[in-house]
Amino acid sequence: MFGFFVVILVGIPLYFLLQPPRRAEPFPNTSFQNKYLLDLKKLGYHETGENID
Amino acid sequence: MFIIWRPRGINEAVPAGIGACLLIIAGVVPLADTLYILDTISGAVITILSTIIMSLILDSIGFFQWTALNIIRWANGSGTLLFFYICLLCFLMTLFFNNDGSILITTPIIIQILSLLNLKMHEKLPYLFVGALVATASSAPIAVSNLANLIALKIVGLDINDYVLLMFVPTLLGIFILAFLVYLYFKKDIPKKILTLPPSYHVPVQVDTMFHYKQENRPVRHHPLMDVVQEDRHIDFSLFRLCVGIVIFTRAGLFLGSSLGLPMELIAITGAFILVWVRWKWTGTGVRDVVKKSPWHILIFAFSIYVVIHALHLIGFTSLLVDQFQYIIAQSHIHAIMITGGLVTVISNIFNNIPAVMIGTITLTEMGLDTGTMQLAYLANIVGSDLGALISPMGTLATLLWMYILKINKIPLSWGKYFTVAIYVVPLSTAVTLFSLYFWTRLFI
């Protein structure tokens with residue numbers, strides 16, 4: 001069993017060494033719909049394209 | 054001679070096969086003996102072939118390319134650290150695959166790394182030398198990394214776990230000494246600072262931000278590593294992790310299976326099959342590339358070499374060696390280790406280590422030594438054929454392959470230059486390994 005433990009002891013660090021480096025957190029995509037914002041369409045409001053002012 | 058010369062680039066199995074056929078036709082080797090020979094070599098050949106198939110699969114998923122990138126990342130701008138990591142890479146490649154495969158895989162990787170780093174020719178040599186020497190010598194620690202070792206192991210009847218217990222520590226020390234001596238020899242040629250990769254090289258970057266250039270006195274060239282990095286984006290890391298895990302567990306499984314009495318080749322072939330299947334399920338890639346690239350001829354090569362050695366044994370060559378060395382080898386364990394190690398080193402450097410290790414092993418089994426002495430002499434035989442054989446390029450097939458790869462990559466290296474370096478590093482590291490083998494095995498035998 002000595003050989004088994006030698007290979008495992010060498011293999012496990014090798015496995016982790018070859019992992020891809022952690023990627024940086026992706027920049028927040030602002031076009032993504034925020035679920036915490038009110039959905040105006042569901043509430044019955046529709047965009048008319050007119051200037052509210 | 055034809056195996057080493059290989060006129061018109063013929064496969065080494067061709068002259069070996071012709072020689073074996075002639076010996077069988079001439080009746081020197083009885084036909085009945087060929088079955089015994091086939092039984093002795095088949096397990097070793099299947100194990101090595103399975104290992105090569107696994108390395109082909111890993112290559113196809115970008116494993117070695119990724120490893121090359123990581124080596125540059127870990128070196129972090131230090132030429133000395135790069136030297137250390139190339140040693141580690143070559144050691145691990147041989148440990149997890151085999152010596153000839155390791156040379157075939159790591160030498161192009163090292164050449165690629167050195168070209169990317171814009172090193173001058175004299176700066177490349179330390180890395181190339183240490184890579185070749187460490188990759189070849191690293192087949193000694195665990196037995197399963199070398200075809201000849203595996204065949205010899207079967208002849209002697211030593212369990213692979215016992216082999217590792219007795220050999221791992223002394224040969225590791227020998228490899229460390231070998232690498233350190235290469236470092237001392239080339240110390241002035243190893244650049245202090247080299248190029249580095251930016252920490253974010255795994256994400257798309259502009260060409261001019263690829264490298265942080267630490268050496269102001271060198272011109273910045275276009276780096277082909279850009280292509281490597283672009284391909285790296287296609288690596289499927291889920292598949293990558295799974296495949297690396299399978300390779301590690303298959304390698305460990307060889308030893309576990311041996312403890313449980315399972316044939317080594319069965320575990321090796323199962324591991325290779327699982328890896329091929331996983332890749333097929335994941336990417337849809339079949340087995341065509343594996344079938345095409347695998348060196349099936351090594352079955353003929355190993356069989357033929359064994360037939361030739363068996364013929365030498367039958368005509369009395371091994372009996373001659375037994376008569377000459379039996380008395381001195383039987384005297385004590387230190388005699389057995391030093392004489393066998395030295396003798397096989399000499400024979401390997403003249404005739405190549407594959408016939409040398411087989412002749413050495415058959416001779417030892419004929420000597421009527423007690424089990425402990427015979428096993429020690431066998432282990433010294435392996436040290437001589439894996440480490441001592443590195444003095445001349447003819448000593449191992451892996452070194453000849455390495456010289457050939459350098460030649461086709463237009464890296465000039467004469468046999469004289471190789472010999473100058475090897476004579477400085479190999480005899481001392483072989484002697485240290487043999488002595489440490491003696492002291493280490495005293496704990497067990």
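Taken in order, these protein sequences are the chains called A and B. Counting from 1, position 49 in the first sequence corresponds to residue 49 in the working numbering; the numbering is continuous, with no gaps. Adding 53 to a residue's 1-based position in the second sequence gives its number in the working numbering. All C-beta atoms, glycine included, are put in the ideal place defined by N, C-alpha and C.
Checklist line | CB contact flag (residue 401 of chain B, residue 227 of chain B, <8 Å) | finding: no
Notebook entry, point to check: Per DSSP, which one or two residues make a beta bridge with residue 424 of chain B?
Noted result: Bridge partners of residue 424 of chain B: none, in fact.
Check: So, residue 158 of chain B versus residue 292 of chain B, is the Cβ gap smaller than 8 Å?
Finding: no
Next item on the list: Would you decide whether residue 471 of chain B is buried or exposed? Buried here means 16 or more other CB atoms lie within 10 Å of its CB.
Entry: Per the 10 Å Cβ criterion, buried.
Check: Are the C-beta of residue 28 of chain A and some C-beta of chain B separated by less than 8 Å?
Finding: Interpretation of residue 28 of chain A is limited by its pLDDT of 48, a score under 50 that renders its predicted location unreliable; the figure taken from the coordinates is listed afterwards. No, its Cβ sits nowhere closer than 8 Å to a Cβ of chain B.
Check: Would you call the region 452–460 of chain B and the region 370–380 of chain B touching, i.e. three or more CB-CB distances under 8 Å?
Finding: no
Item checked: Contacts that residue 312 of chain B makes with chain A (C-beta to C-beta distance below 9 Å) -> 1, 3, 4
Notebook entry, point to check: What residues from the region 186–213 of chain B come within 7 Å of chain A, judged by C-beta to C-beta, listed N to C?
Noted result: 195, 213
Item checked: Alpha-carbon spacing of residue 138 of chain B relative to residue 325 of chain B, whole angstroms -> Separation of residue 138 of chain B and residue 325 of chain B (C-alpha to C-alpha, rounded to the nearest whole angstrom) is 27 Å.
Next item on the list: Could you name the residues that DSSP lists as bridge partners for residue 155 of chain B?
Entry: Looking at the DSSP output, residue 155 of chain B shares a beta bridge with no other residue.
Next item on the list: Would you tell me roughly how many angstroms separate the C-alpha atoms of residue 289 of chain B and residue 329 of chain B, rounded to the nearest one?
Entry: Looking at the backbone, the Cα of residue 289 of chain B and that of residue 329 of chain B are separated by about 16 Å.
Next item on the list: Give every residue of the same chain whose Cβ lies closer than 7 Å to the Cβ of residue 175 of chain B, excluding the five residues on either side of it in the sequence, and list them in chain order.
Entry: Around residue 175 of chain B: 242.
Check: Beta-carbon separation of residue 434 of chain B and residue 399 of chain B under 8 Å?
Finding: no
Next item on the list: Output the distance between the C-alpha atoms of residue 493 of chain B and residue 217 of chain B, rounded to the nearest integer angstrom.
Entry: 12 Å
Next item on the list: At 8 Å on the CB atoms, spell out the chain A contacts of residue 123 of chain B, in chain order.
Entry: 17, 18
Notebook entry, point to check: So, is the C-beta of residue 80 of chain B closer than 8 Å to a C-beta in chain A?
Noted result: no
Checklist line | residue 124 of chain B beta carbon less than 8 Å from that of residue 135 of chain B | finding: yes
Margin query: Quick check: what's the CA-CA separation for residue 143 of chain B versus residue 313 of chain B?
Written below: 30 Å
Margin query: Between residue 305 of chain B and chain A, is the shortest Cβ-Cβ distance under 8 Å, so that the two count as touching?
Written below: It does: the Cβ of residue 305 of chain B has a partner Cβ on chain A nearer than 8 Å.
Note to self: Closest to residue 368 of chain B by C-alpha separation, out of B:177, B:215, B:412, would be which residue?
What the structure shows: B:412
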